[in-house]
Amino acid sequence: MFFPSFIKKIKEKLNILIENVKKKKRLNINFLRIFSKICTKYTKIVRAGFLVLVFFFVIFSLCFFSS
1 MFFPSFIKKI
11 KEKLNILIEN
21 VKKKKRLNIN
31 FLRIFSKICT
41 KYTKIVRAGF
51 LVLVFFFVIF
61 SLCFFSS
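Residues in the sequence shown are numbered consecutively from 1, following the numbering used here.
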């Protein structure tokens with residue numbers, strides 16, 4: 001349930017950014033750099049969260065099936 005809402009928020013922010021860019025009619029290079037940094041941070045957070053979830057699921061299933 002967490003991930004769809006998270007993705008939806010990112011899409012909304014992307015749409016807002018795209019609209020702002022269209023209004024200004026030109027892209028700032030610094031804006032692109034900051035945007036790419038934010039994207040890489042978000043993907044790292046999502047990957048880390050997913051790995052943690054998988055890790056806990058494996059431990060839980062091992063404990064559950066061993067008992």
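Virtual Cβ for every residue (Gly too), placed ideally from N, Cα, C.
Please read these numbers as outputs of a predicted model, since none were measured by experiment.
How many angstroms separate the CA atom of residue i from the CA atom of residue j?
i	j	result
Asn-15	Phe-56	34 Å
Ile-7	Ser-66	36 Å
Phe-60	Val-52	12 Å
Met-1	Glu-12	For Met-1, the pLDDT reaches just 48, beneath the cut-off of 50, and the residue's location in the model is therefore unreliable, leaving the point undetermined.
Phe-35	Leu-62	41 Å
Taking the runs of the alpha helix (DSSP H) that are 4 residues or longer, which of them lie wholly in the region 11-66? 29-66
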